[in-house]
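Asker: All residue numbers for the sequence shown refer to this note's numbering, where the first residue is 621 and numbers rise by one. Pasting a structure below so you can have a look.
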Amino acid sequence: MKKTYSFKHVGKRKGDIKNMVIKEEKRRDKNVMRWSDDKKIEVHEGVLKRASRNEMRYRRAVEKQFEAQSNRILRGKEKTLLQKDWTLDVENERQIWFRVLAPIMADIVREEGQAVMNGITAGLVFDTHTEFIRNFIDNRTMKVSKDVNDETNKQIKRILRNNPDVGEAEIGRLIRKKFKDMEVARAKMIARTETFKAVNFSTDESYSQSGVVQAKEWFTAMDERVCPFCAPMNGKTVGVGKTWFKKGETVHGNDGSSFVADYETITNPPLHANCRCGLVPVLLGQKEYTSI
C-alpha cells in the first residue's frame, strides 16, 4: 500500500516550504546544503540526550517485566503461565509485553519525529497518525515481545538441561539468579537497541514527510566506542526510506571482520545490538551524494 501523509504548515504550500528551507540553508552555510561536522555533532548530541531519557524509561519497563516473570514462575501467582518444565507461555507473555512497550515506542516516535522536523525548519508538523507509523510500532513491538520471551525460555531450558539431578529449590534459585542477571545487562541492551530503532525510524519518516530531504546520511558517535562495523558506515548515504542491508547480506568491518544480517533487513541504524548510530539529512539542492 502506498504511503500517504498529511503535510501541515500554516499558511504555506509544500513548494513554498522547500524554497524557504533551501534559502535558509544557503544563508546559514556557504557550502549550500552540506552540514558541517560541528553541526552534525550538535544534532546528534541532541538525539543522544533525548534517547538517554527514553532508554531509561524503556529499560525500567523491561526490568519490571523480568521481575514479574520471575515471580510468575517461582511463586506460581498465575498458574496458566507455569508449564511443567518451568518455562513461560510465550503467547501470553508477548501480549503482556506488548501492552507495556507499545506506548513507550509510540512516545519515542512522536517526540523524535517532531524534534527532527524542528531541526529541518520551523513550522513543520510530524504526522504520527499514518498507517505506516502505526504498523511499525505494532509490528516492531510484537517482534521484540516474542523474541525476548523466546530467548528467555531458551535460557531457562538450558538451566534445566544442565542441572538434571537437582531439586526444585535449587532450580528455583538458579532461575531467579538468571532473571536478576537479565534485569541488568540484558534489559539495558534491549532498551538501548529498541530506543535507537524507534529514534531512527522516526527520523527517516520525518525526512520523508518533510518533502525537503532527498537522502539520509549514516552518522556515528565519532568516539573511541564506535565499533569496526559502524566506523566505515559514517558519511555513507542512501535515499530516504531505502535500506542499507537486506536480510542475509554480509556486513564488513574495517578490521577485516564480518557478520551476516540474519535478524532483519537494516533500513536504519542500529546496525547491531547497543548501536548508538544515527542519521543526518541530505537536503534538496545538494545534487550529489555518495551511495553506500
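Yeah, the Cβ is synthetic: ideal placement off N, Cα and C, and Gly gets one too.
Kindly list the residues whose CB is nearer than 8 Å to the CB of Ile795, restricted to its own chain and excluding five residues on each side of it in sequence; keep chain order.
Answerer: Ser690, Ile693, Leu694, Trp706, Ile776 and Ile779, listed in sequence order.
Asker: Which one or two residues does DSSP pair with Leu899 in a beta bridge?
Answerer: In the DSSP output, where bridge partners are listed per residue, Leu899 has Trp838.
Asker: Whole angstroms are fine: how far does the CA of Gly787 sit from the CA of Phe799?
Answerer: Distance between the alpha carbons of Phe799 and Gly787: 19 Å.
Asker: Should the stretch 739-746 be called in touch with the stretch 764-775, which here means at least 3 C-beta pairs below 8 Å?
Answerer: Short answer: they don't touch.
Asker: With distances taken between CB atoms, is the gap from Val832 to Leu904 smaller than 8 Å?
Answerer: Yes, Cβ-Cβ distance for Val832 and Leu904 is below 8 Å.
Asker: How is Gly739 classed by DSSP in three states: helix, strand or coil?
Answerer: Helix.
Asker: Might you give, ordered along the chain, the residues of its own chain that have their beta carbon closer than 7 Å to the beta carbon of Ala893, omitting 5 neighbours on each side?
Answerer: So the list reads Met809 and Thr813, once near-sequence residues are dropped.
Asker: Between Asp801 and Trp655, what straight-line distance do the alpha-carbon atoms span, to the nearest angstrom?
Answerer: Between Asp801 and Trp655, the C-alpha separation is close to 43 Å.
Asker: Given Gly861, which residues of its chain have a CB within under 7 Å of its CB, disregarding the five upstream and five downstream residues?
Answerer: The answer, listed in chain order, is Asp824 and Ser828.
Asker: In the DSSP output, what is Gly859 paired with across the bridge?
Answerer: For Gly859, which the question treats as bridged, DSSP gives the partners Ala835.
Asker: What alpha helix (DSSP H) runs, 4 residues minimum, are completely inside the stretch 734-783?
Answerer: Taking only runs of at least 4 residues, the alpha helix (DSSP H) segments lying wholly in the stretch 734-783 are 751-782.
Asker: Only counting the same chain, and skipping five residues up and downstream in sequence, which positions put a Cβ closer than 7 Å to that of Ala811?
Answerer: Same-chain partners within the cutoff: Glu675, Tyr678, Arg679 and Val682.
Asker: Just mark Ser878 as buried or exposed, buried being the case when its beta carbon has 16 or more other beta carbons within 10 Å.
Answerer: It is exposed - the Cβ of Ser878 has fewer than 16 other Cβ atoms within 10 Å.
Asker: Mind checking who Thr870 pairs with in its DSSP beta bridge?
Answerer: DSSP output for Thr870 lists Val880 as bridge partner(s).
Asker: Specify the secondary structure class of Phe849 as computed by DSSP and reduced to three states.
Answerer: Coil at Phe849, not helix or strand.
Asker: Report buried or exposed for Gln715, applying the criterion of at least 16 other Cβ atoms within 10 angstroms of its Cβ.
Answerer: So Gln715 counts as exposed.
Asker: Verify whether the separation of the beta carbon atoms of Pro901 and Lys856 is less than 8 Å.
Answerer: Contact flag unset, no.
Asker: Please name the residue in Leu668, Lys659, Asp658 and Asp657 whose C-alpha comes closest to that of Lys817.
Answerer: Residue Leu668 is the option with its Cα nearest to Lys817.
Asker: If Ile728 sits next to Val819, beta carbons under 8 Å apart, how far is it from one beta carbon to the other, in whole angstroms?
Answerer: Ile728 to Val819, Cβ: 6 Å. Contact.
Asker: Taking the alpha carbon of Val710 as the reference point, which residue from Asp767, His872 and Cys897 has its own alpha carbon closest?
Answerer: Considering only alpha carbons, the answer is Asp767.
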